[in-house]
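Student:
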Amino acid sequence: MDIIPDLIGKVSEAQLKRSVFHLSQNPLPFRKANYTVPGHAKSTLDEADDWIEEQLKSRGYPVEREACRVQAFGFDPSKPKHHTYAPPAPGAPFYTVHNLYAEKRGASRPDEIILLLAHKDSQSWTDCPGAYDNAVGTAAVMEIARALSDYPNRKTIRYLFCNEEHTPWTSVTAARNARERGDDLVAIYNLDGLGGKSDADHVSGRKPAFTLYTEPEGKPFADLMAEVNDFYRIGLEQSSLQRPQPGDDDGSFVNAGYKHAVINIGSFPYGDSEYHLAGDVPERVDFANVRMAAQATLAAVVRVDQNV
Ligand SMILES: [Zn+2]
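Read left to right, the sequence shown gives residues 59 to 366 (my numbering).
1. Which two residues bound the contiguous alpha helix (DSSP H) that contains LYS115?
2. If contact is defined by three or more beta carbon pairs under 8 Å, each pair taking one atom from either stretch, is the stretch 285-298 in contact with the stretch 348-365?
3. Please confirm whether any heavy atom of ligand 1 lies closer than 8 Å to the CB of GLU332.
4. Counting only runs of 4+ residues fully inside the stretch 225-262, write out the alpha helix (DSSP H) ranges in chain order.
5. Do VAL78 and ARG349 count as a contact pair if the criterion is CB distance below 9 Å?
6. If you run the structure through DSSP and keep just helix, strand and coil, what is LEU294?
7. Below 8 Å on the Cβ atoms is my guess for PHE131 versus THR225; work out the distance and round it to an integer in Å.
8. Would a C-beta distance cut-off of 9 Å place VAL320 and THR272 closer than the cut-off?
9. Going by DSSP in three states, HIS80 sits in which element: helix, strand or coil?
10. Please report the residue range of the alpha helix (DSSP H) in which LEU86 lies.
11. Between the stretch 114-122 and the stretch 228-244, do at least 3 Cβ pairs fall closer than 8 Å?
12. Between the alpha carbons of ARG239 and LEU218, how many angstroms are there, rounded?
13. Run through DSSP, which three-state label would PHE268 get?
14. Taking the alpha carbon of ASN192 as the reference point, which residue from LEU74, GLN300 and SER298 has its own alpha carbon closest?
15. By the three-class DSSP mapping on this structure, what secondary structure does ASP60 have?
In structure tokens:
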């Protein structure tokens, strides 16, 4: 019997919504190493880490932290409005931030690792809540972990929460350390901007989902997204596309030699009119679209797990 429909049914749109609001509005307006809520002891990024860890632990996942040193990006208002980040100002402070890892070891093929990742931080150079970028991906990875917490996986399923809106990106450290350990990452899905789309797509109710691969080795994992979306009637408008060069946090893994790393994103080119702006708020998020993308990703992960 196919267990995937039951597992898809465990992905809760309400829980996704609660997580995204928690991470991008209340109690955390941002997730930045360089912003602390007045009166609080920790940065909003450290507070987000603590909350993500607590959620994962409550589902039975031990959490490991990997420390990295980063700076906030500088702000250059003369640049195009979606891309106002710049190199850090001279003498800008360094912060210790963390990659968070949770995993469930595989019962029969533990050395084969399926990796799901999302950057959890918001834009360090500007006051953007980062609901689509990338509270949605963070919430989706957390929700997939929750839905799979009792699933008897054969391969190891690993969840990584990294930082990509500070510099350097901490997925670079994660990928390099995976390579140095000799980790056999058999599938890598980066979730970023799930459901993010143009205002016109919002109005017309479209549910776009692109999976981008860089090297030909990634194409089967992109095509698998389309296959499970059709087979389980999830409802996404799912497309596969080759990107011209490595990019985003999947690119950090491609650059470390993991050629099959892919990204699941909403529209492509990314059409969110509030991308990297103060208007990237949770009220604008199409949670049905996010839920479908999380469900399709979960289905792809289980297919990879069962493909022995
Ligand atoms: Zn971004």
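Glycine is no exception: its CB is placed at the ideal position from the N, C-alpha and C atoms.
Tutor: In short:
1. What you label residue 115 is simply residue 57 of the sequence shown in a count that begins at 1. Unbroken alpha helix (DSSP H) run through LYS115: 102-116.
2. yes
3. Locating residue 332 in the sequence shown gives position 274, where the first residue counts as 1. It does not: the Cβ of GLU332 is nowhere closer than 8 Å to a heavy atom of ligand 1.
4. 228-239 and 257-262
5. Taking the first residue of the sequence shown as position 1, residue 349 is located at position 291. Taking the first residue of the sequence shown as position 1, residue 78 is located at position 20. Contact flag unset, no.
6. Within the sequence shown, the letter at position 236 stands for residue 294. LEU294 falls in the coil class under three-state DSSP.
7. Here residue 131 refers to the residue found at position 73 when the sequence shown is read from its first residue. Here residue 225 refers to the residue found at position 167 when the sequence shown is read from its first residue. Indeed, because the Cβ distance is near 6 Å, the residues count as touching under 8 Å.
8. Translated into the one-based positions of the sequence shown, residue 320 becomes position 262. Translated into the one-based positions of the sequence shown, residue 272 becomes position 214. The Cβ-Cβ distance between VAL320 and THR272 falls below 9 Å.
9. Residue numbering aside, residue 80 sits at position 22 when the sequence shown is read from its first letter. Helix, per DSSP.
10. Here residue 86 is taken as the residue at index 28 of the sequence shown, counted from 1. Note, LEU86: premise wrong, no alpha helix (DSSP H); not H, not E.
11. no
12. For the purposes of this step, residue 239 is taken as residue 181 along the sequence shown, with counting starting at 1. For the purposes of this step, residue 218 is taken as residue 160 along the sequence shown, with counting starting at 1. About 16 Å.
13. Taking the first residue of the sequence shown as position 1, residue 268 is located at position 210. Here PHE268 sits in strand by DSSP.
14. Within the sequence shown, numbered from 1, the residue matching residue 192 stands at position 134. Ranking LEU74, GLN300 and SER298 by Cα distance to ASN192 puts LEU74 first.
15. Counting from one through the sequence shown, the residue named residue 60 turns up at place 2. ASP60 falls in the coil class under three-state DSSP.
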